[in-house]
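One structure is given here, and the rest of the page talks about it.
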Amino acid sequence: DIVMTQTPLSSPVTLGQPASISCRSSQSLVHSDGNTYLSWLQQRPGQPPRLLIYKISNRFSGVPDRFSGSGAGTDFTLKISRVEAEDVGVYYCTQATQFPNTFGQGTKLEIK
Amino acid sequence: EVQLVQSGAEVKKPGATVKISCKVSGYTFTDYYMHWVQQAPGKGLEWMGLVDPEDGETIYAEKFQGRVTITADTSTDTAYMELSSLRSEDTAVYYCATDPPSRSRYDWGQGTLVTVSS
Chain D
1 DIVMTQTPLS
11 SPVTLGQPAS
21 ISCRSSQSLV
31 HSDGNTYLSW
41 LQQRPGQPPR
51 LLIYKISNRF
61 SGVPDRFSGS
71 GAGTDFTLKI
81 SRVEAEDVGV
91 YYCTQATQFP
101 NTFGQGTKLE
111 IK
Chain R
113 EVQLVQSGAE
123 VKKPGATVKI
133 SCKVSGYTFT
143 DYYMHWVQQA
153 PGKGLEWMGL
163 VDPEDGETIY
173 AEKFQGRVTI
183 TADTSTDTAY
193 MELSSLRSED
203 TAVYYCATDP
213 PSRSRYDWGQ
223 GTLVTVSS
């Protein structure tokens, strides 16, 4: 199984400041079709997860442009340019390149 | 609008079986995979398996192999996840989630809490 490792596991951030979460996979996420199926999910307290970013850097419909994704191969990053109160929650990276799908441990974003 | 509506909370005794449903709308049921994900209290997300409603083919995570059965009923656009031989560690919220082969979206149900307690 591909292991997804996120850092940090907790991120206290001041409102209006940037935040960054890293995700590393135990093997390359480049699929044989040439795509890299790395996504980022946000889970607000008491809510189901929701998709933010797919295939490394594509923002899903309705996701604010302060969220961006980057990376390649085994190293990926989610950045929030200016954190807002509604961004509080847990963020997960997940891969769908190889079954079984796997998730990172989650990074808890909280406001200082 | 894609919607996934799951069945309600369940309380089961150890050793029992639970079956959760996930009714979809807003897209063609057979075009997207249907996944099931477990989230224990205060913990992260764990993928259990998926079904391809087009042909009923399933893939299960090794951890749940032998105890989980995922099915899809194309006549009602509903997917099911059955988990048997329940133990206390299976107490969790279970989510259905759907995505197309292109992985360009990932829609989730509201979650179903299953409590396993004697």
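Read top to bottom, the protein sequences are chains D and R.
Residues 1 to 112 (my numbering) make up the first sequence, in order.
Residues 113 to 230 (my numbering) make up the second sequence, in order.
Yeah, the Cβ is synthetic: ideal placement off N, Cα and C, and Gly gets one too.
query	result
Work out the CA separation of residue 225 (chain R) and residue 128 (chain R) for me, nearest whole Å.	15 Å
Are there 16 or more other CB atoms within 10 angstroms of the CB of residue 87 (chain D), so buried, or fewer, so exposed?	buried
Which bits of chain D does residue 156 (chain R) rub up against, with CB to CB less than 9 Å?	90, 92, 103, 104, 105 and 106
Going by C-alpha distance, which of R:132, R:228 and R:157 is nearest residue 197 (chain R)?	R:228
Tell me which residues share the same chain as residue 106 (chain D) and place their Cβ nearer than 8 Å to its Cβ, disregarding the 5 neighbours each side in the sequence.	6, 9, 43, 90, 91 and 92
Quick check: is the beta carbon of residue 76 (chain D) nearer than 9 Å to any beta carbon in chain R?	no
According to DSSP, is residue 85 (chain D) part of a helix, a strand, or is it coil?	helix
Quick check: the Cα distance between residue 58 (chain D) and residue 188 (chain R), rounded to an integer number of angstroms?	32 Å
Quick one: what's got a C-beta closer than 7 Å to residue 157 (chain R)'s C-beta in the same chain, skipping five residues either side?	149 and 151
For a cutoff of 9 Å on Cβ pairs, would you count residue 51 (chain D) as touching chain R?	yes
How long is the line joining the alpha carbons of residue 3 (chain D) and residue 203 (chain R), rounded to whole angstroms?	24 Å
Between residue 190 (chain R) and residue 182 (chain R), which are expected to be in contact by the criterion C-beta below 8 Å, what is the C-beta distance as a whole number of angstroms?	Actually they are not in contact, since the Cβ atoms of residue 190 (chain R) and residue 182 (chain R) sit about 12 Å apart, beyond 8 Å.
Closer than 9 Å, CB to CB, is residue 72 (chain D) near chain R or not?	no
Rounded to whole angstroms, what's the CA-CA distance from residue 125 (chain R) to residue 200 (chain R)? Just pull it up for me.	9 Å
Which residues mark the beginning and the end of the beta strand (DSSP E) in which residue 182 (chain R) is found?	180-185
Taking three-plus beta-carbon pairs below 8 Å as touching, is the stretch 28-39 of chain D in contact with the stretch 92-103 of chain D?	yes
Which chain R residues sit within Cβ distance under 7 Å of residue 99 (chain D)?	171
From residue 147 (chain R) to residue 111 (chain D), what distance separates their C-alpha atoms?	32 Å
In the structure shown, what three-state DSSP assignment does residue 99 (chain D) receive?	coil
Of the residues that make up the stretch 195-223 of chain R, which ones have a beta carbon closer than 7 Å to any beta carbon in chain D?	207, 215, 216, 217, 218, 220, 221, 222 and 223
Would you identify the three-state DSSP class for residue 188 (chain R), choosing helix, strand or coil?	coil
Is the CB of residue 60 (chain D) under 9 Å away from at least one CB in chain R?	yes
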